[in-house]
Ligand code: IPD
Ligand code: CA
Ligand code: CA
């Protein structure tokens, strides 16, 4: 397992850095901005081209692997429990990118036989690559990150996804009231990074599998808790309402949700 983790990590970190460089080189040539599920769910030429770069690398290096790519037409979840599966989000935070914000990431998370293996998330405009795995631990560039530390909800900031916060289906507003405050990054990958760098104490969002896997592997590798909002295991074959937090803040959040 460790040998495989090291091999896959050396490839995905290289590909992620290449993708970030490609994004930076093409920032002024973004075209074909299209709506997907709605007015604020966008895809651009950059998202599609970076998806193609990942597909080519993965197919060449791991021809038997399954690819779940946000911008791939086919998303076949039936084989994600067998062998290697790569979940690729070529640009995470496309609305930010289109609106000229710097908050966007490229991310890839890898499962082996359905279990977390390793992942990479790059904060493109800040040149910070977060990478690691269950056996390796987690790094920002070449600095090793610390394991999760317990701290109560009231001491920290909570990352939320904007539209879900407005719906307040899972007591998000009350949870934010019991914290130091709520923040919205507009990039799931960068929200996970806020957790592992200790800037946010929790993250509550509704996300698709390619938004989740890379971050899930990094937070699990550092000992954070990640479940769906009912406290159950995340299902990587569909959209999930997730909670990520250290153990203590997680308990505070679940208590508030159970009170309703
Ligand atoms: C989006 C971002 C955003 C999250 C949305 C995602 P995209 O990803 O991660 O933070 O709230 O649910 O769809 O579409 O820019 O890859
Ligand atoms: Ca995304
Ligand atoms: Ca995306």
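Residue numbers (my numbering): 15 to 274.
We treat Cβ as the ideally placed atom computed from N, Cα and C, and that holds for glycine.
Please read these numbers as outputs of a predicted model, since none were measured by experiment.
Does the beta carbon of residue 176 fall short of 7 Å from some heavy atom of ligand 2? The residue you call residue 176 lines up with position 162 of the chain shown. Not under cutoff, so the answer is no.
Going residue by residue through the segment 157 to 199, where are the continuous beta strand (DSSP E) segments of at least 3 residues, counting only ones entirely within it? Within the segment 157 to 199, the complete beta strand (DSSP E) runs of at least 3 residues fall at 171 to 174, 195 to 197.
By the DSSP assignment, the beta strand (DSSP E) with residue 103 in it spans what residues? Along the chain shown, one-based indexing puts residue 103 at 89. Unbroken beta strand (DSSP E) run through residue 103: 98 to 106.
Residues bridged to residue 154 (per DSSP): In the chain shown, counting from the first residue as 1, residue 154 sits at position 140. Bridge partners of residue 154: 144, 157.
So if DSSP puts residue 132 in a beta bridge, which residue, or which two residues, is it bridged to? By one-based count along the chain shown, residue 132 stands at place 118. 124, 147.
For the 8 Å Cβ check, are there 3 or more pairs between the segment 142 to 156 and the segment 238 to 245? Output reads no: the segment 238 to 245 does not touch the segment 142 to 156.
Could you tell me the boundaries of the alpha helix (DSSP H) in which residue 31 lies? Here residue 31 refers to the residue found at position 17 of the chain shown. Segment 16 to 39, the alpha helix (DSSP H) holding residue 31.
Could you tell me how far apart the beta carbons of residue 102 and residue 118 are, in whole angstroms, since I believe they sit closer than 8 Å? Here residue 102 corresponds to residue number 88 of the chain shown, with the count starting at 1. Here residue 118 corresponds to residue number 104 of the chain shown, with the count starting at 1. The Cβ separation is near 15 Å, so there is no contact.
Per DSSP, which residues does residue 56 bridge with? Please list them. Reading the chain shown from its first residue, position 42 is the one you call residue 56. Looking at the DSSP output, residue 56 sits in a beta bridge with 49.
Out of 53, 18, 64, which one is the CA nearest neighbour of residue 35? Taking the first residue of the chain shown as 1, we reach residue 35 at position 21. Each of 53, 18, 64 was checked against the Cα of residue 35, and the nearest Cα belongs to 64.
Out of 252, 247, 150, which one is the CA nearest neighbour of residue 258? As a first step, residue 258 must be located in the chain shown, where it is residue number 244. With distances taken between Cα atoms, residue 258 lies closest to 247.
At a threshold of 7 Å, does residue 88 count as lining ligand 2 (C-beta to nearest heavy atom)? In the chain shown, residue 88 corresponds to position 74, counting from 1. Distance from the C-beta of residue 88 to the nearest heavy atom of ligand 2 is not below 7 Å.
Leaving out five residues before and five after residue 52 in sequence, what residues of the same chain have Cβ atoms less than 7 Å from its Cβ? Position 38 of the chain shown holds residue 52. Closer than 7 Å at Cβ, skipping near neighbours: no residue.
What does DSSP give as the partner residue(s) for residue 83 in the beta ladder? Reading the chain shown from its first residue, position 69 is the one you call residue 83. In the DSSP assignment, the residues bridged to residue 83 are 102.
Express the C-alpha separation of residue 77 and residue 114 in angstroms, rounding to a whole number. Locating residue 114 in the chain shown gives position 100, where the first residue counts as 1. Locating residue 77 in the chain shown gives position 63, where the first residue counts as 1. If you take the alpha carbons of residue 114 and residue 77, they lie about 36 Å apart.
Supposed close pair residue 61, residue 108 - CB separation, criterion 8 Å: Along the chain shown, one-based indexing puts residue 61 at 47. Along the chain shown, one-based indexing puts residue 108 at 94. That pair is a contact at about 6 Å.
Distance check for residue 120 and residue 85, CA to CA, integer angstroms please. Counting from 1 along the chain shown, the entry for residue 85 is found at position 71. Counting from 1 along the chain shown, the entry for residue 120 is found at position 106. When rounded, the distance between both Cα atoms is 13 Å.
Any 3 or more C-beta pairs closer than 8 Å across the segment 206 to 214 and the segment 149 to 167: Contact between the segment 206 to 214 and the segment 149 to 167 is present, with at least three C-beta pairs closer than 8 Å.
When DSSP labels each residue in this structure, what does residue 137 get in the three-state scheme? For the purposes of this step, residue 137 is identified with residue 123 of the chain shown, where counting begins at 1. Strand at residue 137.
As assigned by DSSP and simplified to three states, the class of residue 250: For the purposes of this step, residue 250 is identified with residue 236 of the chain shown, where counting begins at 1. In this structure, residue 250 counts as coil in the three-state DSSP scheme.
Is the segment 188 to 206 close to the segment 79 to 94, with three or more CB pairs under 8 Å? Output reads no: the segment 79 to 94 does not touch the segment 188 to 206.
Counting only runs of 3+ residues fully inside the segment 199 to 249, write out the beta strand (DSSP E) ranges in chain order. Fully enclosed beta strand (DSSP E) runs of 3 or longer: 214 to 221, 239 to 242.
Given the structure, does residue 80 come close to ligand 4, in the sense that its CB is under 7 Å from one of the ligand's heavy atoms? Absent from the structure shown: ligand 4. Ligands present: ligand 1, ligand 2 and ligand 3.
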